[in-house]
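Participant: As numbered in the UniProt record's numbering, residues 1 to 535 make up the sequence shown, in order. Beta carbons: idealized from backbone N, C-alpha and C, even for Gly. Could you have a look at this structure, given as structure tokens, before my questions?
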Amino acid sequence: MKRVILITGLMVLILVSSVSAFIANDPTSQIQNARVIALGKAYVGLGDDAAAAYSNPAGIANIEKLQVSSMFGRFMEDYSYTSINGVYPTKYGVFGLGYAGSGIEGAPVTRIKPGTESDPVYEVDSAAGTMGNTNNVLLLSYGSDLNRSDVSVGANLKLFSTNLIGGGISDGNGSGMDLDLGVQARPRDFLKLGIVGRNILPASLGGKLAYPGGHDESFPASLVYGASFKVLGDRGLREFKGQELIVACDINSSVSQKNPSTLHLGIEYSPIPLIALRVGLDQNNLTGGIGLNVKGFRFDYAYHQFEAAPGMSNNYFSISYGLPVAEARKELVEPAKPLELIRFKDVPENHWAYNQISLLATQGIIKGYPDGNFRPEGKINRSEIATVLVRTADVKVQKGKHLFSDVSPKSWAYDQIFTAASVGYVNGYPDARFKPQKGITRAEAVTTVSKFANVVPVKYNKEYKDIKPSHWAAGYVAGAKTAGMLQYVTSDKLSPNSWITRAEAVEILYRTQTVQDVLAKGILKGQKTAVAVKK
1 MKRVILITGL MVLILVSSVS AFIANDPTSQ IQNARVIALG KAYVGLGDDA AAAYSNPAGI
61 ANIEKLQVSS MFGRFMEDYS YTSINGVYPT KYGVFGLGYA GSGIEGAPVT RIKPGTESDP
121 VYEVDSAAGT MGNTNNVLLL SYGSDLNRSD VSVGANLKLF STNLIGGGIS DGNGSGMDLD
181 LGVQARPRDF LKLGIVGRNI LPASLGGKLA YPGGHDESFP ASLVYGASFK VLGDRGLREF
241 KGQELIVACD INSSVSQKNP STLHLGIEYS PIPLIALRVG LDQNNLTGGI GLNVKGFRFD
301 YAYHQFEAAP GMSNNYFSIS YGLPVAEARK ELVEPAKPLE LIRFKDVPEN HWAYNQISLL
361 ATQGIIKGYP DGNFRPEGKI NRSEIATVLV RTADVKVQKG KHLFSDVSPK SWAYDQIFTA
421 ASVGYVNGYP DARFKPQKGI TRAEAVTTVS KFANVVPVKY NKEYKDIKPS HWAAGYVAGA
481 KTAGMLQYVT SDKLSPNSWI TRAEAVEILY RTQTVQDVLA KGILKGQKTA VAVKK
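As structure tokens, this is what we get:
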């Protein structure tokens, strides 16, 4: 939380110094995504897909697969617009690249009618011909979950270019850059909060649009606060027949202009995973739309009313696609001799979990990667934990059936996930998804392994300072500590919302009586000398 406060304070400090008399156009404020527009642009707290890069870059931090989104069309019947962006998750965070642009051609040049200088009346200057204007921005995005499940941060570096032509204009080509910083937090399962500082880079550091003639303009700086409430659905206030209902609200406070704050409201309802119905309020303008999810594609439509232009409305269409991150994993060859322990290149003998990892690998409970590494500090995901539990229990792997919509028959863990779900080791989500690439937190891992190993929850006596007695996993945490499963945690904090690493998951599993019995009947059977394991 200290990090969140520090980043928020930094954004406010920078924004105060970003005020300028001349304001440039930022295409990202209008050209986003049809889902965002249909929700009244209330997306700072809600943003959870590629489109979040435009609203709050912190929203891309938890994306688990490659996503691409695009939107094309015309705005107010005169301006053409284009936006396309993609995000890709890596072990270093989620990176994004995007483009947004708008333009108008053939616009008449106006002038002040002679004799009306004191109270200007504008008229078309036919002698000056017509003019055109294009505004473009290249978006470089980054998001990170800080190895936590409840906080994420993000940033956008925006590279702008503009071109003014016709009407006697000279030196009409301008370029510049600016910066967005965003934070998202989840204080409760059903509640997400967000804050983003848009165009916060001071002009002295390059945050401006500069023209060859020496004229400079700054981009509209603002602070936007957002919140989203999941009323129905996974991690919502309640679950009801797989339906999902989300309410979102944003407040946009202008810094560089003396404009009043604007209110943005949005509601998204999904009666089934295939369809999302949306309605919103963009300050005084009504919005609405629908989304269709079909085999990885999402088709979004939005309608936006403009109170200032009666009879004028706009229809927006966007297409998004998410590709699963390629899964390619092969099992290592089992050793010929029982105690010729399997070793991994990135787990040296002085690693705190070396023996635990080697023993479970030799027993066949865990596997490494084709390159000979184990990646002990990497996150373990839901498909991996399901597979490990199936191997530990030594149950017969059943031939998979299409139980979850997001688990492909071509997935390396297809049969294992089906088996684990069939025997009750793991569960899917109400929307028929399993989310195989999603990481699991320490609290979730302790609870899952405890249930698997028949470790019953006990009364929680504040074993860890960062877990309250009311925490949903408190009983299982207390039971796991009593059973000796949490010996590796030497401090008085468990960090329940942090992603558990592969090494930590192995350690917790190793300490269960279930695994000890498997080893005793397996590779350690008949051994006179036990393998030493670090405490």
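1) Looking at the structure shown, is residue 59 part of a helix, part of a strand, or coil, going by DSSP?
2) Can you look up residue 516 in the DSSP assignment and give me helix, strand or coil?
3) Can you tell me whether DSSP reads residue 89 as helix, strand or coil?
4) Enumerate in chain order the residues of its own chain whose CB-to-CB distance from residue 390 is below 6 Å, with the five nearest sequence positions on each side excluded.
5) Give every residue of the same chain whose Cβ lies closer than 6 Å to the Cβ of residue 237, excluding the five residues on either side of it in the sequence, and list them in chain order.
6) Residue 226 to residue 425, Cα distance in whole Å?
7) Just to confirm before moving on: does the CB-CB distance between residue 455 and residue 432 stay below 7 Å?
8) Less than 7 Å separating the beta-carbons of residue 248 and residue 42?
9) Are the Cβ atoms of residue 207 and residue 201 separated by less than 7 Å?
10) What residue range is occupied by the uninterrupted alpha helix (DSSP H) comprising residue 418?
11) From 322, 223, 86, pick the residue whose C-alpha is nearest to that of residue 253; which is it?
12) Can you tell me whether residue 448 is helix, strand or coil according to DSSP?
13) Quick one: Cα of residue 379 to Cα of residue 439, how far?
14) Should residue 199 and residue 178 be called a contact, given that it needs their Cβ atoms to be closer than 7 Å?
15) Do residue 33 and residue 495 have their CB atoms nearer than 7 Å?
16) CA-CA distance, residue 134 and residue 101?
17) Rounded to a whole number of angstroms, what is the C-alpha to C-alpha distance between residue 120 and residue 112?
18) Would you check if the distance between the CB atom of residue 143 and the CB atom of residue 50 is smaller than 7 Å?
19) For residue 74, which residues from the same chain have a beta carbon less than 6 Å from its beta carbon, with the 5 sequence-adjacent residues on both sides left out?
20) Quick check on residue 161: does DSSP put it in helix, strand or coil?
21) Taking the alpha carbon of residue 250 as the point to measure from, which residue in 25, 355, 46 has its own alpha carbon closest?
22) Within 10 angstroms of its Cβ, does residue 278 collect 16 or more other Cβ (buried), or is it exposed?
23) Which of helix, strand or coil does DSSP assign to residue 118?
24) Leaving out five residues on either side along the sequence, give the residues of the same chain with a beta carbon under 8 Å from the beta carbon of residue 461.
25) Rounded to a whole number of angstroms, what is the C-alpha to C-alpha distance between residue 524 and residue 269?
26) Can you list, in chain order, the residues of its chain with a C-beta nearer than 6 Å to that of residue 522? Leave out the 5 residues immediately preceding and following it.
27) I need the boundaries of the beta strand (DSSP E) containing residue 302, first residue and last residue.
28) I need the DSSP call for residue 29, collapsed to helix, strand or coil.
29) Taking the continuous alpha helix (DSSP H) assigned at residue 383, which residues delimit it?
30) What residue does the beta strand (DSSP E) around residue 290 start on, and which one ends it?
31) What did DSSP end up calling residue 146 once you bin it into helix, strand or coil?
32) Tell me the DSSP secondary structure of residue 200 in three-state form.
33) By Cβ distance below 8 Å, which residues in the same chain neighbour residue 365 in space, the five residues on each side in sequence not counted?
34) Can you tell me where the beta strand (DSSP E) with residue 252 in it begins and where it stops?
35) In this structure, what does DSSP give as the bridge partners for residue 232?
36) Short of 6 Å in beta carbon distance, which residues of its chain neighbour residue 443, apart from the five on each side in sequence? Order them along the chain.
Facilitator: In short, the structure shows the following:
1) Correct three-state label for residue 59: helix.
2) Residue 516: helix per DSSP, three-state reduction.
3) Correct three-state label for residue 89: strand.
4) Excluding positions up to five away in sequence, the list reads 416, 419, 420.
5) Result list for residue 237: 190, 231, in chain order.
6) The straight-line gap from Cα to Cα measures roughly 37 Å.
7) Contact: no.
8) For the 7 Å CB-CB criterion, residue 248 and residue 42 form a contact.
9) Remark: C-beta atoms of residue 207 and residue 201 approach each other more closely than 7 Å.
10) Residue 418 -> alpha helix (DSSP H) spans 414 to 422.
11) Checked all of 322, 223, 86; the closest Cα to residue 253 is 223.
12) Residue state, collapsed to three classes: helix.
13) Their Cα atoms are separated by approximately 6 Å.
14) Yes, the Cβ-Cβ distance between residue 199 and residue 178 is below 7 Å.
15) In this structure, residue 495 does not lie closer than 7 Å to residue 33 by Cβ.
16) The straight-line gap from Cα to Cα measures roughly 7 Å.
17) The C-alpha of residue 112 is placed about 6 Å away from the C-alpha of residue 120.
18) Remark: C-beta atoms of residue 143 and residue 50 do not approach each other more closely than 7 Å.
19) Within the same chain, Cβ atoms closer than 6 Å to the Cβ of residue 74 are found at 80, the five residues on either side in sequence being excluded.
20) In the three-state reduction of the DSSP assignment, residue 161 falls in the strand class, which pools E and B.
21) Measuring from the Cα of residue 250, the nearest candidate turns out to be 46.
22) Buried, because 16 or more other Cβ atoms sit within 10 Å of the Cβ of residue 278.
23) DSSP places residue 118 in coil when its eight states are reduced to three.
24) Excluding sequence neighbours, residue 461 sits near 478.
25) The straight-line gap from Cα to Cα measures roughly 55 Å.
26) Closer than 6 Å at the Cβ level, and outside the excluded window around residue 522, lie 363.
27) That run of the beta strand (DSSP E) goes 297 to 305.
28) Here DSSP, grouped into helix, strand and coil, assigns residue 29 to helix.
29) That run of the alpha helix (DSSP H) goes 382 to 393.
30) Counting along the chain, the beta strand (DSSP E) containing residue 290 begins and ends at 285 to 294.
31) Looking at residue 146 - three-state DSSP - the assignment turns out to be coil, as it is neither helix nor strand.
32) If DSSP states are grouped into helix, strand and coil, residue 200 belongs with coil.
33) In chain order, 388, 391, 392, 509, 515, 518 place their CB closer than 8 Å to the CB of residue 365, counting only its own chain and leaving out the 5 sequence neighbours on each side.
34) First-last of the beta strand (DSSP E) with residue 252: 244 to 254.
35) According to DSSP, which records beta bridges pairwise, residue 232 is partnered with 238, 245.
36) Hits under 6 Å: 473, 496.
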